[in-house]
Each structure stands twice: as C-alpha cells, then as structure tokens.
Amino acid sequence: MSTYLQFAVLGLGLGAVYVGLATGLLLVHRATGIINFAQGAMGMWGAYVFAQLQIDGTLMFPIGQVELGEPGMAVSILLGLLMGLLLGILAHYLVFRPVRHAPVLAQVVVSIGLMVALQALVVIRFGPNNIDVEEIVPQGSIAVLGADLASRELIMAAIMVALAGLVWAYLRFTRTGAATRAASENERGAALMGFSPDRLAGIAVVLSALISTAAVMLGGSITGLNPANYTLMVVPALAVLLVARLESIGIVCVAALALGALQSEIGLLVTKSWWPVWAQSGIDQVVPFVIVMIILFAYGTRLPSRGALQSIRLPDVVIPRIRPVPALILVGTAVAALSLTSGELRFGLTTSLIMTLLALSYVLITGYLGQISLAQLAFAGAAGFTLAKVTMAWGLPFPLAILLCSLVATALGMLVALPAFRIRGAQLAIVTIAAALAIERFVFGNYSLTPPEGNPIASPTLAGINFAVREGRELARLEFSLMALVVVVLAVLLFIRIASGDTGRTFLAVRANERAAASAGINVRMTKLIGFGLSAFIAGLAGCLIGYSHGQLSAESFSVFVGLQILAVAYVGGITSFGGALVAGFIAPLGIVFVLLHQWFEMGNYYALISGIGLIVTAILHPSGIAGAVRQGVGLLAARWRPRDQNGSTAEPPTATTESSERRVPSRVS
Amino acid sequence: MSAAGVLGLLLAACGSSAASPAELSKNPELTGKPVVIGVQTPHNGPSAYPQSTYGAQAAAYYINHELGGINGRPIKLDICKGDGSPETAINCANGFVASDTPVLFDAYDATSIGPMVPVMQSASIPIVGLLAGQGVAESQPLPTSFYFSGPLETSALGMVTILDKLGKTNAALAVTEAPSSHTYVDELVKPMGEKLGVNVTAVYTEVTDINFTTLAATELAKNPDVAGLIALPEDGCTDLIEALRQQGYEGTIFAGSCSQFISELPSEASTGAIIQPRLWVPLAKKHAPPKVQQELTAFADSMTAVGYEDELSARSLYSFAGVVNLARILQGIDGEITNETVADAMMKVKNFDTFAGPKVTCDGKQWPGKPGACSHKAIFFEVQPDGSLKPTGGDGFIELDPTLLNDS
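Order-wise, the sequence lines are chains W and F. Positions in the first sequence are counted from 1; adding 1081 to them yields the working numbering. Positions in the second sequence are counted from 1; adding 58 to them yields the working numbering.
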C-alpha cells in the first residue's frame, strides 16, 4: 500500500508539469480561442536556455549565443523565464495575432507549425540528445504515514499549483483578467467597452509562456530535456484541459495531478506478473486518449465555444470536374516523366505520386468535409502494417491485399469518426492527435505485432507480371511506378466522382454549417462517417503503396511528428483542391524535391524547420496554399491578356470559370 | 526568397574555418585510386550519436597514415548521415546503390539500417559493422550483413550469464521501449534466467520520456540484488544510476554498455557497477593486455589527429574498430574491390583478430538464427574505485552459449 502511495507522489512530479502546460493552454484559449498545440514546445525553449546556462554558461538565442561565465542558479532561472517571455511575445505577434479571426483550421495549423518549427530549432541549436537539467528543487524524502514520500515532487506540485493560483487570481481579480474573461464571452462587447482584445491576448500568451516554461524547467530535472518529450506532453495536457471544460483552473490542477499519479501507478502495475504482455507498450499514452474520448463523447456538445469575431473565411473549394483533355495530358506527362527518369529520380517521382494520394486524403477530410483530422498517417500506417502481416503470413495476392488493408484503415477511420459526431474544430484535432499518438505507441510499437526482424512486405505480382519496386540495382522499376500511377489515378477518379456528386455537396454543406445542413435534411452523422471512412481508405491505399515501395515497414514512417509534417505539406500545397494534393506530393518527404535537395545540400535538421515555418507562413498569408496562389496568379495573368469588354471591365479569369463554373462554394469551418 | 537560397547562405556561413577530418585523413603518399566505401551514421535526429561518425573519420586517418591504405590505395568514406527516419535512410541506400559502393559500413545506425536492408540486399551490397542496433540485417541469410561482434541478443544473454556467475538471483533492469526489447526480454532473458535461477524483471521506458525517479523506484520496489539497465542511452544510464543511489540502493548495478556515468558520477556511486561493452573500451586500458593497449593508444592518437580528442567514447571506438577491421579484410582482396569480392572475403573471415576485440569467424554459424553475427563472445568490466575498468571473470572475452536459448 505504501508503495502505491509512493508512486502516486512520484507521479505528482509529472502532474505538476501538466498543471503548468494545461494552465497555459487554458489562458491562451480563453484569450484567443486558439488551442495551442505548441504549448509544450514553447515551455521547452526557456527550459533549454536555463539548462545550457547551468551546463556551460552559454546563453543561447535562436541565432547566435553569448558566453556568460558562471551565472548562478537564480540568474539562470531568470534568464530562462525571460527567454520564455520573449518567445511568448514573438509568438503572439508573429503567429497568433495574424490568425485570431481566421478559421479554426488555420489556427490549428499555425500552432502545429509553431510546434514543428520550435522542435526543429531546438534540435539545431541544442542538439538532439537528452540534456541534463540542474535540479531547482533538491531531492529528499519526508515520512508520511510510515511511507517515505519524495519531497521534491510534492514541492514541485505545490509550486505549480501556486502559480496556477496566481493565474486564477489574475483572471478573477484584476481588471485585465476580467476583461479577458469578458472578451472570451463576447469579443465585440469587450472591444466596445474600450478593451483591446489583441492586447489582452498578448498578455495572456506571454503569461502562458511563462507558466509553461516554469513547468518544464522543474520537470526537466526529473526527466532530462530532449526535443521530443515536452513537445508531445501537450497531448496529455490537452486531455486535462478538456476535463476542465476549457475554463476551470481548479479542475485543471486536480485533474493534472490525478493524471500524473495515475500514469505513475500504471507504470508500476505494468511490471506486475499478472499484467497482460500485449498491453505493456504505450499504455500510458492510451490512458489520456481514452479519457479524451470519453469526455468528448459525453460532454462534447456542451463544451464552451467562444463568442469570437470571425471574419476570414476558409479558401473556397473548387469542385473538380473530369476534363478529359487536361487529364490525359497530366497522365501522359506523368508516364513520360517516369519512363524518362531512372534510379533515384524515378524513385523520388514515384514517392511523390504516392504522397499525392496521402495528401488527397487530407484534402477530402479537411478541405471538403471541414473536419480537422491529425490521424490520417496513422490510418495509412495501420493499412501498411496489416499489409505486412497479410502478404507474408497469408500470401494474399496483390490487388486483394491492398483492398483488404485499405478497408482496415477505413474501419479505423470510421471509429475515429464517432467522436466527430459531437465535436468539431480544434476539439476534433485534439482527439485525432491523441488517437494518432495512442496508435503509434500501442499498435505500431507493440512487440506482439512487430518482430525484431522487421516487417517485410512481399513483392506484388499479378498475372505473372512482377510489380516489385526494385530488382538488383534498379532502384525503381517502371512496372512498379506505373502500377502506383494507376492506383493513384483510380483513387483520384474516385475522389472527383464523389466530390462532384451529391456526396460532395453534402460534404460541403456540412463544412459550411452543420446545423443548417441538418435542418436541410442532411444526415450529418452519416456524412461524417462516410467522409472519415473514405479519406481513411485513400490514406490506406497510400500506406500500402508506401509499404511496397519501401519493401519493409518501420513504425517511424508513421509517427505523430511525421503525420504533422505531412499535414504541413498538404496544407502548404493547398488543402482544398486536387492541385494542392499534387503540389504536396512534390514537396513531401522522400518525394522528388526532397531527393533533389538532399543531393545538392546536406539538409541535416533543416527540412523539419522549413516545413514548420512554411506552415505558419502559409496559414497566415495564403490559406489556400501554393495551389491556390498559383491559381490566383494564373487567373491574374490571364485577366491581363483578355480583351476588355464594352463596359471597360476585365472578363472573369478563365481558370475560375472553366474549373468551377457556377459551383464556387464559399464556406467556413466552424 | 527561396528556402534553398537561405539554406545555402546558412551552410556557407557555417562551413568555413578548419580543415575537415576528410581533408586531414588524406595522405599524399598514397597515389592509387581511392577505395570508396559507404558509411551510414546516426548523425542527426532524435537519437543521434555523432561520435559514431567521428570514429569512422578517425579510422580513415589511421588506415591512410598507419596501415598504408588498402594496398597502396587511400580509403575514402562516403558518409550518409541518418536522422532516424526511414525516408532519409532509404534515400541514403538508393544513393549508395547509384554510386556503386562495394560495401556499406553500419556505424551503429539502428533506425536506418532496417529500412535499408531491402535496397542493399536487392543490389547485393553487403553491410558490415561492429555491432547491430537492430535485428533486421543480421537475421537475413549471408551475405546480407556481417557484424564483428555478437547480435542484438548478446547483451541479454551475456547479462544473464554474468549475473548467474556472480550468484545473483533477483534482478530489476530498465530497458528502452521497443518491440525488439520486448522480444528478447520475454523470449530470451526471462526463460534463460529461469533456467539459471535468476529472476529478471524488466521495466520498460520510452527513450525520449524517462522519469528517472519513478524508474528507479519501480526497480527498487522489487527488492532486487541487482538493479540498473539492460539498454538505455548514455544520459539515461547516468541519470538512472544516480537516481538508484539517491534512493539508497547500495547493491550491484548492472549498466549495460554505458560508460559515461563513470566520469560523471562520484566514485562511490559508480564503483562496483558492471558494464558490458562490445570491445576493450578506453577506460579499461590500464588492465588490458599489451596488444590492446597499443590499439587503444592508436585510437586516441588518430582521434586527436582529426580533431576529436574529446570524443573518446565507446561509440567512437566501435566505428573506428569496425572500419579498421573492414580495411584489413579489404587489404586481403586480390584484384578489384567490388560488392561480390567483398562479400566473398567477408564469408572467408576465420579466427580474425579484431581491433580491441575478440577473434571472429563470419561463417554464419556463430549464433543460431543470426547469420550476420560473427561472434558469440562477450566481455564484462567492473568499475574500480579509481574509475578504471577491470574485466570480471578471467582476463577478457568469455564464450556465451547461445544454444541455451534453444532449449526453452
């Protein structure tokens, strides 16, 4: 019994970090309506600065550094917090303020971009390995009820709860705090009263950066600091935030400490002999996910939303049509490009094709249906891993194997759709990222499914033709590349058929306004189910093709971080059109641009940094991505060349009319 | 503003000043056409160990300046830096195939080699390394891979063997959360332990998310007579051992193949700890046989010559030794150095004296189920009060008995 008490107290250390991160999340949300996926990463930067100062006295900036000799503990703490504060200010002005009135998708995307960019920057500046963080609170133990309890964790929890208490007092008792709360109910009202919601938001973001930095500085001494652990700690912190219904700091404190203690107890229970062996991996990530699912399922519709002023719309969706001539030209170009290249270039082009398919699944679920899903790559991975089992163990022939595995992905997608019935927007993003993390740890990392010899995938053959990707020194056989092209073309045709038909219209109706769609007689639940299922199917196809092109599957190809990178790439390409998916395919990891860049430069850790920054810039400046920008640019050029009509005004840009005729659909993701 | 342009500027700014290790390794007296071998190193990404790269670069220096190159031809390393992602790894593999490299040296890049195996196997390019960080390559039939020490399971089997020799009965050890860890704990360590009367509890932990206090407490809750770890990254080792001692544990500590903790923790904390590296590591020089002492001196000198005098760790030694072993085998090849002649030469390796290591034979029969393993020997050291390492049980490598694994 005393062991359980000991472990519960140990878990309070982790719980203290959750208190800091969840309080920060709550502050940002109340002031701006944004769910800040980068909260953990933001807290991490200041902690890294503190740790480095204690290690060798170097004060690190994003660019450049200053030698400070031997600063004491107090100075280091202050400098670390100061850096956190500066980061908060920068984040507010450069990242959050520009998207305060943008659709939720842009806000989610921008905070994910910040998360990816910060993590990459930390790797570049501080290195990829764990670094030691000097203890701020010394270790020790106190005897309580006959058990030796860790005093450090108790003190940490007390410190963080006190800081959270200060935040609560700020919101409750100060004028700006009350104004922040008022603005979260009704921004226009607050503005009319003379408060600047922007300045309130800035203060809140800075405070949240401070409290999160404090949390990570304390927690870092228990776990060391590395670029991944605190970045991902935002997921359990989000679970805590949801439990607190996005508004109560008191519940945040209790829930955070309880979650920390629970995870610690599970860590102990897992070592017991009676604990099932298949449930030993990743169970501590499954717990927050299950909590999130339960809360959202039970209380989803009753979670508070903000009375925000939303004035920027999501980019218009362009309804695709199958136009034979351009389609044939496109396919013909693809065939020519594949035939005329060889080796690494053809491999890069083929991978770009497969990534186009993956990006298409994002276009379907997010661009058309308006649901934010961060789990698409997990679906692809599930299909890929099933493929490994199915081809090696059952020897299922190739076209059947792909279909079966994609159906597995579909089933998984529909499962994740269930919480989507009740929730949307950023909350759905939270569920899907928690699901992706749980799948990554509990399924891909599960040793019962993945032997140490790896997950080889048998080569696809059909009617005597070998469609394997490689043979001898040939890195990318034409048979495989053409087969991949055929699969992609079929999937795109399926996509266009659906998007331009009735189902497509119901998707767009649901995207625009769910309640209005429901009152018009559309079965919103069924629509969401179909949307998730279909996009997961397409992701599954991509996952299978990835498996065939690699010849053997690794869990690392489908991790949460890679999934966020693919989302970044899909968004930058343009998440509302097939053209965007095409661009995304080009710039995706291991695609043609990746291969070329790696040949010319040593990319090192810069690919991740560039994708993170690219995501932020695109979300702020060009929500319709590169494809949208290209379309606009082409439209402007064509408008200049068109003759003016009698009224002196220029004719409509041809791309707009030919591509979408009267079917332009303005929309908002709510 | 193009990303490429900005990147180019950044790289130009960073890449200036001193001569690179590649430059320093060149020896103008060697005039033949360079022998270019591929090297895969875990240089970037979340579980990076740049020391693996440094060791290989120092080996190139040693080969060109002390060993006379490869029969008068200088050796040149085509290094591809992995970042932990399969995508970069496959890109590296494609590059090696396209540039016709005769052999790929695995500088202990665990997450990259697995995905590279299908590509290298298809092109019949053998993978050679000192130790494998994954089980994919070494379980494939020859000549897919050749590793100059035991397979992934060596640590597990060796650990249970040494614990039995030391008379321990209850071990609680941490291990990184990975499918391979579970397999070798559940299918190897535990049954073997049972047979030998050693009860082993494994405590799994995510490598990027280690809570050391909780980890130590979980181990100590079992009242073990041996605590510590089977495999963790170096920082993880140091912090866990510190946590164990801080929680009052005074018994034997088993520290896998870590060695950083010896210099970072006070002597009371580290004395008596048992470690199990793959070679005679630099800290063991004092108690090593003369031949090994000379080799370790040569290692230190070469690392200093290329600017890495502060990076004398086990990881840099593993790369150094592996590349030197490979070069000496390549010296024995008559004629063209191609993937086929290299594979042939590797398969003929018999009782070969490795650098700071045991004699190895690469006939595919040294370890059941792991054709790529060339050895079933292991060496264990005990940390002395002065921080040096003394071999336990005899004066060096001992034989492990992998057939014990099949009896269960």
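Note that beta-carbon positions come from the ideal geometry of N, C-alpha and C, so glycine has one too.
_N-terminal and C-terminal residue of the beta strand (DSSP E) that F/Tyr205 is part of_ = Counting along the chain, the beta strand (DSSP E) containing F/Tyr205 begins and ends at 203-205.
*Flag this pair as touching only if the stretch 305-314 of chain F and the stretch 267-285 of chain F have three or more C-beta atom pairs under 8 Å; answer yes or no.*
Taking a cut-off of 8 Å for Cβ pairs, the stretch 305-314 of chain F and the stretch 267-285 of chain F touch, as three or more such pairs fall below it.
*State yes or no: is the C-beta of W/Arg1233 within less than 8 Å of the C-beta of W/Val1214?*
No.
*Return the chain-ordered list of same chain residues with a C-beta closer than 7 Å to the C-beta of W/Glu1216, the five sequence neighbours on each side being excluded.*
Cβ-Cβ distances below 7 Å link W/Glu1216 to Ser1302 in the same chain, with the five nearest sequence neighbours on each side left out; the list follows chain order.
*Give the interface partners of W/Phe1088 over in chain F, defined as CB-CB distance under 9 Å, in chain order.*
Near W/Phe1088 (Cβ distances below 9 Å), the residues of chain F are Thr272, Ala275, Thr276, Ala279.
_So the candidates are W/Gly1169, W/Gly1429, W/Val1497; which of them puts its Cα closest to the Cα of W/Met1123?_
Closest by alpha carbon: W/Gly1169.
*List the residues of chain F that W/Ile1673 touches, going by C-beta distances under 8 Å, in chain order.*
When 8 Å is used as the limit between beta carbons, W/Ile1673 is near no residue of chain F, the shortest such separation being about 12 Å.
*Beta-carbon of F/Ile288 versus every beta-carbon of chain W: anything under 8 Å?*
Taking 8 Å as the threshold, the shortest C-beta distance from F/Ile288 to chain W does not fall below it.
*Check whether the Cβ of F/Tyr262 lies closer than 8 Å to any Cβ atom in chain W.*
With 8 Å as the cut-off, F/Tyr262 counts as an interface residue toward chain W.
*asked:* Considering just the uninterrupted stretch of the beta strand (DSSP E) at F/Gly96, what are its terminal residues?
replied: Start and end: 93-99.
*asked:* Just to make sure I have the definition right: I need the residues of chain W whose C-beta is within less than 8 Å of the C-beta of F/Ala106. Which are they?
replied: Chain W residues near F/Ala106: Gly1208, Pro1209, Asn1210.
*As assigned by DSSP and simplified to three states, the class of W/Thr1437*: W/Thr1437 falls in the helix class under three-state DSSP.
*Thinking W/Ala1045 and W/Leu1439 are a contact (beta carbons under 8 Å), I'd like their distance in whole angstroms, please.*
In the structure as shown, chain W begins at 1082 and stops at 1751. Residue 1045 of chain W is therefore absent and cannot be evaluated.
*Exposed unless 16 or more other CB atoms sit within 10 angstroms - verdict on W/Met1473*: When all chains shown are included, W/Met1473 counts as exposed.
*asked:* If we define contact as Cβ-Cβ less than 8 Å, is W/Gln1135 a contact residue for chain F?
replied: Judged by the 8 Å Cβ criterion, W/Gln1135 is not in contact with chain F.
*Work out the CA separation of F/Ser182 and F/Ser203 for me, nearest whole Å.*
Taking the Cα positions, F/Ser203 is about 10 Å away from F/Ser182.
*Alpha carbon to alpha carbon, how far is F/Ile95 from F/Gly193?*
Inter-residue distance for F/Ile95 and F/Gly193 is about 23 Å (C-alpha atoms, whole angstroms).
*Taking three-plus beta-carbon pairs below 8 Å as touching, is the stretch 1317-1329 of chain W in contact with the stretch 1101-1114 of chain W?*
Output reads yes: the stretch 1101-1114 of chain W touches the stretch 1317-1329 of chain W.
*Count the CB pairs spanning the stretch 1457-1464 of chain W and the stretch 1591-1611 of chain W that are closer than 8 Å, and state whether there are at least three.*
With fewer than three CB-CB distances shorter than 8 Å, the stretch 1457-1464 of chain W does not count as touching the stretch 1591-1611 of chain W.
*In its own chain, which residues sit with a C-beta less than 6 Å from the C-beta of F/Thr450, not counting the 5 before and 5 after it?*
The beta carbon of F/Thr450 sits closer than 6 Å to those of Phe438, Glu440, all from its chain and outside the five residues before and after it, given in chain order.
*asked:* Among the candidates W/Val1398, W/Val1130, W/Ala1469, W/Pro1184, whose CA atom is the shortest distance from the CA of W/Pro1308?
replied: Distances from the CA of W/Pro1308 to each of W/Val1398, W/Val1130, W/Ala1469, W/Pro1184 were compared; the closest alpha carbon is that of W/Val1130.
*Thinking C-beta only, is W/Phe1548 closer than 8 Å to W/Val1560?*
As written in the sequence, residue 1560 of chain W is Glu, which differs from the Val given in the question. Yes. Within cutoff.
_Whole-angstrom C-beta distance between F/Ser325 and F/Ile299, which should lie under 8 Å_ = For a cut-off of 8 Å, the C-beta gap from F/Ile299 to F/Ser325 is around 13 Å, too long to register as a contact.
*Cα-Cα, which of F/Ala379, F/Val339, F/Leu125, F/Glu252 is closest to F/Leu88?*
Of the candidates F/Ala379, F/Val339, F/Leu125, F/Glu252, the residue whose Cα lies closest to the Cα of F/Leu88 is F/Leu125.
*asked:* Distance check for W/Val1315 and W/Ile1511, CA to CA, integer angstroms please.
replied: Straight-line Cα distance between these residues: approximately 10 Å.
*Would you check if the distance between the CB atom of F/Asn149 and the CB atom of W/Leu1556 is smaller than 8 Å?*
Note that the C-beta distance between F/Asn149 and W/Leu1556 is not below 8 Å.
_My assumption, with CB atoms under 8 Å, is that F/Trp338 sits in contact with F/Ala331. Please give the rounded CB distance._
In fact, because the Cβ distance is near 17 Å, the residues do not count as touching under 8 Å.
*asked:* Cβ closer than 9 Å: which chain W residues qualify as neighbours of F/Val256?
replied: Among the residues of chain W, none has a CB under 9 Å from the CB of F/Val256; the nearest is roughly 15 Å distant.
_DSSP beta-bridge partners of F/Leu287_ = As computed with DSSP, F/Leu287 is found in a beta bridge with F/Ala232, F/Ala313.
*Can you grab the Cα-Cα spacing for the pair W/Val1373 / W/Ala1379, in whole Å?*
Their backbone Cα atoms lie some 10 Å apart in a straight line.
_Spatial distance of W/Met1436 from W/Ala1415 (CA atoms)_ = Cα-Cα distance, rounded: 14 Å.
*Would you identify the three-state DSSP class for F/Glu81, choosing helix, strand or coil?*
Helix, per DSSP.
*What do you reckon, are the CB atoms on F/His434 and F/Gln424 nearer than 8 Å?*
Yes, Cβ-Cβ distance for F/His434 and F/Gln424 is below 8 Å.
*Any Cβ of chain W within less than 8 Å of the Cβ of F/Ser203?*
Using beta-carbon distances, F/Ser203 does not count as an interface residue toward chain W, since no partner is under 8 Å.
*asked:* I'd like to know if W/Val1358 contacts chain F, where contact means its C-beta is closer than 8 Å to some C-beta of that chain.
replied: W/Val1358 counts as touching chain F.
*asked:* Less than 8 Å between C-beta atoms, sequence neighbours within five positions excluded: which residues of the same chain meet that for W/Ala1653?
replied: In the sequence as displayed, the identity of residue 1653 of chain W is Val instead of Ala. The answer, listed in chain order, is Val1664, Ala1665, Ile1668, Ser1692, Gly1695, Leu1696, Thr1699, Gly1706, Ile1707.
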